[in-house]
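Residue numbers (our numbering), protein chains in the order written: chain A, 201 to 416; chain B, 201 to 416.
2 protein chains.
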Amino acid sequence: MLQQSRRIIDLSLDIYPGAPTFPGDPACQFHVHETIASAGYNLTQVCFGTHQGTHLDASFHFADRGRTVDRIDLARCVGPATVIDLSWKQPRDAITVADFAPYESRVQPGARILCRLGWDRRLFQPGYFSDFPSMTVQLAEWLADRKIALIGLDTPSPSADQSTEVHQILLGAEVVIVEGLAHLDELPSDEVFFVAAPLRLRGLDGSPVRALAVAW
Amino acid sequence: MLQQSRRIIDLSLDIYPGAPTFPGDPACQFHVHETIASAGYNLTQVCFGTHQGTHLDASFHFADRGRTVDRIDLARCVGPATVIDLSWKQPRDAITVADFAPYESRVQPGARILCRLGWDRRLFQPGYFSDFPSMTVQLAEWLADRKIALIGLDTPSPSADQSTEVHQILLGAEVVIVEGLAHLDELPSDEVFFVAAPLRLRGLDGSPVRALAVAW
Chain A
201 MLQQSRRIID LSLDIYPGAP TFPGDPACQF HVHETIASAG YNLTQVCFGT
251 HQGTHLDASF HFADRGRTVD RIDLARCVGP ATVIDLSWKQ PRDAITVADF
301 APYESRVQPG ARILCRLGWD RRLFQPGYFS DFPSMTVQLA EWLADRKIAL
351 IGLDTPSPSA DQSTEVHQIL LGAEVVIVEG LAHLDELPSD EVFFVAAPLR
401 LRGLDGSPVR ALAVAW
Chain B
201 MLQQSRRIID LSLDIYPGAP TFPGDPACQF HVHETIASAG YNLTQVCFGT
251 HQGTHLDASF HFADRGRTVD RIDLARCVGP ATVIDLSWKQ PRDAITVADF
301 APYESRVQPG ARILCRLGWD RRLFQPGYFS DFPSMTVQLA EWLADRKIAL
351 IGLDTPSPSA DQSTEVHQIL LGAEVVIVEG LAHLDELPSD EVFFVAAPLR
401 LRGLDGSPVR ALAVAW
């Protein structure tokens with residue numbers, strides 16, 4: 201494996217002051233802390249919310265007794281993933297169990313599922329944080345029952361209409377939710393090796409990530 | 201490859217208010233932004249320096265015209281790596297070309313080298329940021345000439361005594377430097393698949409990372 205030629209596909213959004221954030225979230229800020237003139241090197245203070253850009257949710261995001269982001273098993277966040285193409289979905293459409301049924305054989309315990317809606321293309325359009333296709337509660341339960349390890353989406357959340365319920369069902373089953381993915385259309389195959397490793401932010405609810413895929 | 205059993209080894213330090221930082225760097229801060237009582241979910245503002253904990257340096261850290269962290273080729277940061285065990289080194293020892301000579305056949309263009317000093321065990325001891333074994337300028341030039349892709353160390357910097365020169369030589373050759381690694385003694389082999397992907401912090405000098413190894 202180590203010797204084979206491989207390609208890395210970046211699946212992440214840029215982080216910068218002014219970068220889009222979920223309404224009400226902290227704005228991203230960069231503060232110059234040292235410069236080559238002041239100290240011999242450039243160094244910056246970065247401030248952002250735990251759900252800035254491409255990021256993942258820990259159970260503690262929606263449950264005070266839930267697992268925090270530093271305690272997530274990295275084996276959930278790193279490994280083979282299946283890409284499900286639902287890029288034909290329209291704004292505010294429901295994403296249902298029927299949409300996942302053709303892929304049921306791959307929705308196994310420990311599976312990582314990447315759901316491609318193509319929504320990252322709308323990042324700078326008005327409805328990005330509100331009008332995305334939304335997972336139904338029934339689909340969240342179906343995925344939780346199947347004990348998948350991770351679901352990733354190129355929308356800012358798995359559900360606009362039933363966000364709390366869908367998050368609670370998935371996170372309650374320890375399913376890692378990766379939100380705000382990008383460029384899923386650049387993946388060369390529907391089976392890739394996926395990496396989205398959170399920072400070890402002690403006791404927190406989520407973390408920005410550099411999500412990427414390795415294709416051989 | 202995708203079906204083989206695999207194990208993830210976490211190589212990263214915790215990030216939290218009070219976590220050790222290089223003298224003069226911004227202190228890490230967490231600010232509660234929303235709670236389940238206030239908004240239905242927990243959400244936090246995180247502030248830290250670009251070189252907090254386990255992190256990587258971009259060329260811009262030591263050169264105003266250098267490559268910024270969002271522009272680093274991820275293929276440098278993700279792939280097979282060779283672990284070199286120098287854990288017998290004492291505080292303030294020099295790390296020299298002679299130390300790397302036994303591994304010369306693996307120090308090839310594009311190689312990723314992880315240098316195990318065992319220094320992470322001293323994280324909370326007084327000399328952690330000052331007394332670590334230091335790479336010589338000659339070793340930095342030797343690694344740069346061999347066009348390695350990345351060097352990772354469990355010290356907070358590759359050099360205490362000649363930090364600027366060593367950084368400039370390595371970063372000037374586009375060698376990614378990963379600093380503040382941990383737990384390199386837990387790797388099951390001296391050949392692993394390594395991941396240390398920076399956040400896409402636009403225009404900045406470095407980024408905290410969740411470094412990890414995949415072993416098959």
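Ideal placement from N, C-alpha and C gives every residue a C-beta, glycine not left out.
{"Query": "Beta carbon of phenylalanine 394(A), beta carbon of arginine 312(A): below 8 Å?", "Result": "yes"}
{"Query": "Given that phenylalanine 262(B) touches chain A, what residues does it touch there, using C-beta distances under 7 Å?", "Result": "Tyr241"}
{"Query": "For the region 347 to 406 of chain B, list the beta strand (DSSP E) runs that are entirely contained and at least 3 residues long, ordered along the chain.", "Result": "350 to 353, 376 to 379, 391 to 395"}
{"Query": "Is it buried or exposed, glycine 279(A), if we count other Cβ atoms within 10 angstroms and call 16 or more buried?", "Result": "buried"}
{"Query": "Taking C-beta to C-beta, are leucine 314(A) and leucine 381(A) nearer than 8 Å?", "Result": "yes"}
{"Query": "For leucine 202(A) and leucine 412(B), what's the separation of their Cα atoms in angstroms?", "Result": "Low per-residue confidence applies at leucine 202(A): pLDDT is 47, beneath 50, and the placement is therefore not dependable enough to give any value."}
{"Query": "Of the residues that make up the region 208 to 221 of chain B, which ones have a beta carbon closer than 9 Å to any beta carbon in chain A?", "Result": "Ile208, Ile209, Asp210, Ser212, Leu213, Asp214, Ile215, Tyr216, Pro217, Ala219"}
{"Query": "Scan the region 215 to 275 of chain B and note each continuous beta strand (DSSP E) run of 3 residues or more that stays entirely inside, going in chain order.", "Result": "229 to 234, 243 to 249, 255 to 257"}
{"Query": "CB leucine 384(B) to CB valine 283(B), shorter than 8 Å?", "Result": "yes"}
{"Query": "So is proline 333(B) buried or exposed if we call it buried at 16+ other beta carbons inside 10 Å?", "Result": "buried"}
{"Query": "Using a Cβ-Cβ cut-off of less than 7 Å, list which residues of the region 307 to 328 of chain B approach chain A; keep chain order.", "Result": "none"}
{"Query": "With C-beta atoms as the reference, is arginine 410(A) less than 8 Å away from aspartate 270(A)?", "Result": "no"}
{"Query": "Label histidine 255(B) either buried or exposed according to how many other C-beta atoms from any shown protein chain fall within 10 Å of its C-beta, with 16 as the threshold for buried.", "Result": "buried"}
{"Query": "Taking all protein chains shown into account, do 16 or more other C-beta atoms lie within 10 angstroms of the C-beta of glutamine 325(B), making it buried, or fewer, making it exposed?", "Result": "exposed"}
{"Query": "Under a three-way DSSP split, which group does alanine 281(B) fall into?", "Result": "strand"}
{"Query": "Just checking: is the beta-carbon of aspartate 354(A) within a distance shorter than 8 Å of some beta-carbon in chain B?", "Result": "no"}
{"Query": "Going along the chain, which residues of its own chain have a beta-carbon closer than 8 Å to the beta-carbon of leucine 404(A), five neighbours each way excluded?", "Result": "Thr250, Ala258, Phe260, Thr268, Val269, Asp270"}
{"Query": "Would you say the region 341 to 349 of chain B touches the region 362 to 371 of chain B, given that touching needs at least three Cβ pairs under 8 Å?", "Result": "yes"}
{"Query": "Suppose you measure from the CA of valine 414(A) to the CA of isoleucine 208(B); what does that come to, to the nearest Å?", "Result": "16 Å"}
{"Query": "Following the continuous alpha helix (DSSP H) through valine 297(B), name the residue where it begins and the one where it ends.", "Result": "297 to 300"}
{"Query": "Which residues in chain A have a C-beta closer than 9 Å to the C-beta of threonine 282(B)? List them in chain order.", "Result": "Those within 9 Å of threonine 282(B) in chain A number zero; the least Cβ separation is about 10 Å."}
{"Query": "What does glycine 279(B) reach in chain A if we use C-beta pairs closer than 9 Å?", "Result": "Leu202, Arg206, Ile208, Val414"}
{"Query": "With DSSP collapsed to three states, give me the class of aspartate 293(B).", "Result": "coil"}
{"Query": "Determine the burial state of alanine 349(B): buried for a count of at least 16 other Cβ atoms within 10 Å of its Cβ, exposed for fewer.", "Result": "buried"}
{"Query": "Can you tell me whether DSSP reads methionine 201(B) as helix, strand or coil?", "Result": "Any reading at methionine 201(B) needs caution, since the residue's pLDDT is 44, under 50, leaving its predicted position unreliable; the model's value is listed next. The answer is coil: DSSP assigns methionine 201(B) none of H, G, I, E or B."}
{"Query": "Mind checking glutamine 223(B): buried by the 16 CB within 10 Å criterion, or exposed?", "Result": "Reading off the sequence shown, one finds proline at residue 223(B), where the question assumed glutamine. By the 10 Å Cβ count, proline 223(B) comes out exposed."}
{"Query": "Just checking: is the beta-carbon of valine 271(A) within a distance shorter than 8 Å of some beta-carbon in chain B?", "Result": "For clarity, residue 271(A) is arginine in the given sequence; the question names valine instead. No, its Cβ sits nowhere closer than 8 Å to a Cβ of chain B."}
{"Query": "Would a check of beta-carbon distances place phenylalanine 332(A) closer than 8 Å to chain E?", "Result": "Of the chains in the structure shown, none is chain E; the protein chains are A and B."}
{"Query": "In chain order, what residues of the same chain have a beta carbon less than 6 Å from the beta carbon of tryptophan 319(A), not counting five sequence neighbours either side?", "Result": "Phe332, Asp354, Thr355"}
{"Query": "Counting only runs that start and end within the region 303 to 342 of chain A, where is the alpha helix (DSSP H) found for 4 or more residues in a row?", "Result": "none"}
{"Query": "Let me check understanding here. Comparing Cα to Cα, which of Gly327(A), Arg322(A), Ala294(A) lies closest to methionine 335(A)?", "Result": "Ala294(A)"}
{"Query": "Can you find the residues in the same chain that come closer than 6 Å, C-beta to C-beta, to histidine 231(B), ignoring five residues on each side of it along the sequence?", "Result": "Gln245"}
{"Query": "Name the two residues that bound the continuous beta strand (DSSP E) containing leucine 412(B).", "Result": "412 to 415"}
{"Query": "Where leucine 417(A) and cysteine 277(A) are concerned, what is the direct C-alpha to C-alpha distance, given to the nearest angstrom?", "Result": "Only positions 201 to 416 of chain A appear in this structure, which leaves residue 417(A) out of reach."}
{"Query": "Counting only beta-carbon atoms, is glutamine 290(B) nearer than 8 Å to chain A?", "Result": "no"}
{"Query": "Given a limit of 7 Å on CB to CB distance, which residues of the region 370 to 401 of chain B reach chain A?", "Result": "Glu391, Phe393, Val395, Ala397, Pro398, Leu399, Arg400, Leu401"}
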